[in-house]
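Notes to accompany the following structure.
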Amino acid sequence: MVRVEFLGPIQKEALEVEASTLRDVAAALQSDAEVKDWLESCAVAVNDTLVKSLDTALKPGDKVSLLPPVCGG
Amino acid sequence: MVRVEFLGPIQKEALEVEASTLRDVAAALQSDAEVKDWLESCAVAVNDTLVKSLDTALKPGDKVSLLPPVCGG
Amino acid sequence: MLELFDGPVPTEELLVRWYQEEAGSNYGAYIPFIGTIRDEDGISGLSFDIYEPILESWFDAWQEKATEAGAILKMAHSRGDVPLHTSSYVAAVFSPKRKVALKMINDFVEDFKASAPIWKYDLRDGKRLYAADRSTPISGSGILGE
Amino acid sequence: MLELFDGPVPTEELLVRWYQEEAGSNYGAYIPFIGTIRDEDGISGLSFDIYEPILESWFDAWQEKATEAGAILKMAHSRGDVPLHTSSYVAAVFSPKRKVALKMINDFVEDFKASAPIWKYDLRDGKRLYAADRSTPISGSGILGE
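Here's what the structure looks like:
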């Protein structure tokens, strides 16, 4: 299981998801009505490093974070 | 007569020069050994406004200033 | 150096302290950038969420880039609510060279706006409303929607 | 606002005072630029001459340009001797908009270096030596040499 966390304005508790790559996480989230609309605009970090490929491998205990559009300053 | 002033590092007292245009001032200064070498690098102001033409007209009492290369900051 | 504050950043103190910290470091140029909350659109202030682990690694990567150019960066940002006319963001570059400093403060602040994991909310009528229309997807966003 | 000082500019006081002066003016971005004397080439400091009438008209023209962009400029500079590790120049822009402010501080400081009627001298071995090699002829220079 990997832990999926939702940052900033996404009002959602963390999930535990069975996943060996980010592609598995994407599939799980696309069927989640609460979070589906955020997916197009979110960046993704694995263990606090931003990643850009769905083929990113995951192992049990990894942390996947969704980062919606930002506006610091 | 116009008054010609030398600014910054040009160590020279002001001169009074007979001139109806800046061209007359140029002629007077080109024959002045102390200031001749500065002429190529100096900007010129008439009554504290920068000018770019030797045809600039002058009237008695005008102030002509020579501004050597600058480096503020 | 990255400093986070609950509420407004202490701008005056930061500007002076950072200047004094580097007074003997032989930098010729110091350029701070100060972001202050504007009174507009009827808001009573802004509020911020920060994801610190990624903010820190983003800042560390910039500090490394600054070091390669002989410069250093400092930054402070607010967490939580920040009232109108107070500041939520102070960043600064110190460099031996003017041109390096001018380019770096521009590039740093622009990348900060595009990449730093900070979320902004309008405070209006007692509510905290995500500023979606002024927010920017981080580069590489959207892979989960493919 | 243009402020001239005999000796170093009071950097800390200026940074704080300028921030406070505009605290209620609803500017979103404040960017100061601070120039500090570097210890290099064995100098003990720098020294400056200023021709104030033309500095003032140069600054007024910039202030007008800033006003058209909704911004304002402030500037302070030293006259006479300025020791190592103290500051001779502080300039600042305030603007509602970040991008306007970042571009303006760059353009203002670069034009200042190229155009402001200020002459710099190295202080070395008790002498005051014109920094000819670092100086720039003002645009339009040389007409008297034609």
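Residue numbers (the numbering used here), protein chains in the order written: chain S, 49 to 121; chain A, 49 to 121; chain C, 231 to 376; chain R, 231 to 376.
Every residue, glycine too, gets a C-beta built ideally from N, C-alpha and C.
Per-residue DSSP class, three states only, for residue i
i      : result
R/A362 : helix
C/M305 : strand
R/I335 : helix
C/K327 : coil
C/A321 : strand
R/W248 : helix
S/K100 : coil
A/D110 : coil
A/D80  : coil
R/W292 : helix
R/V239 : coil
R/F262 : First, the residue type needs correcting, since residue 262 of chain R is Pro and not Phe in the sequence shown. Three-state result, R/P262: strand.
C/E233 : strand
R/I280 : strand
R/D341 : helix
C/S287 : helix
S/G56  : coil
C/I368 : coil
R/E298 : helix
C/G254 : coil
Residues near residue i by beta carbon distance below 8 Å, same chain, minus five either side
i      : result
R/F235 : A306, H307, S308, R309
C/G265 : S317, S318, Y319, V320
S/A105 : S68, T69
A/R71  : L102, D103
A/P108 : M49, V50
R/V339 : F263, A321
S/N95  : D110, K111
R/N256 : P326
Burial state of residue i (16 or more Cβ within 10 Å)
i      : result
R/T241 : buried
C/M231 : exposed
R/Y328 : Tyr is not the amino acid found at residue 328 of chain R; the sequence shown has Arg there. Buried is the call here.
C/G258 : buried
R/K304 : buried
Straight-line Cα distance separating residue j from residue i
i      : j      : result
R/H315 : R/G375 : 39 Å
R/K295 : C/I261 : 21 Å
A/K84  : C/S287 : 60 Å
R/R364 : A/V118 : 8 Å
S/G56  : R/G370 : 55 Å
C/D271 : C/T366 : 20 Å
A/K111 : A/A74  : 14 Å
C/D337 : R/W248 : 25 Å
S/E88  : S/A81  : 14 Å
S/E66  : S/C90  : 20 Å
S/G121 : R/A291 : 31 Å
S/S79  : R/A253 : 49 Å
R/G356 : R/Q250 : 40 Å
R/A344 : R/G372 : 15 Å
A/R51  : R/I368 : 21 Å
C/A361 : C/D269 : 15 Å
C/A299 : R/F263 : 18 Å
S/L98  : C/F278 : 21 Å
S/K60  : C/G237 : 25 Å
A/A93  : A/A76  : 16 Å
Own chain partners of residue i with C-beta closer than 7 Å, once the 5 adjacent residues on each side are dropped
i      : result
C/A301 : V323, F324, S325, V330, A331, M334
S/W86  : I58, L114, P116
R/L276 : I267, V312, S318, K350, Y351, D352, L353
C/L359 : Y351, D352
C/L244 : A306, V320
C/F289 : L232, M305
S/E64  : M49, R51
S/K100 : none
Cβ shell of residue i (< 6 Å), same chain only, five flanking positions each side left out
i      : result
R/P347 : Y281, I284, L285
S/E53  : A62, S113
C/S274 : L353
C/F342 : none
R/V239 : A306, S308, S317, V320
C/Q293 : L303
R/G246 : Before going further, note that residue 246 of chain R is Val rather than Gly in the sequence given. There are no such residues.
Those residues which DSSP pairs with residue i across a bridge
i      : result
C/A346 : Beta-bridge pairing links C/A346 to no other residue.
R/L353 : R/G275, R/R358
A/V73  : BP columns for A/V73 are empty, so no partner.
R/P313 : R/G275
S/E64  : S/R51
S/L115 : S/A91
S/A105 : S/T69
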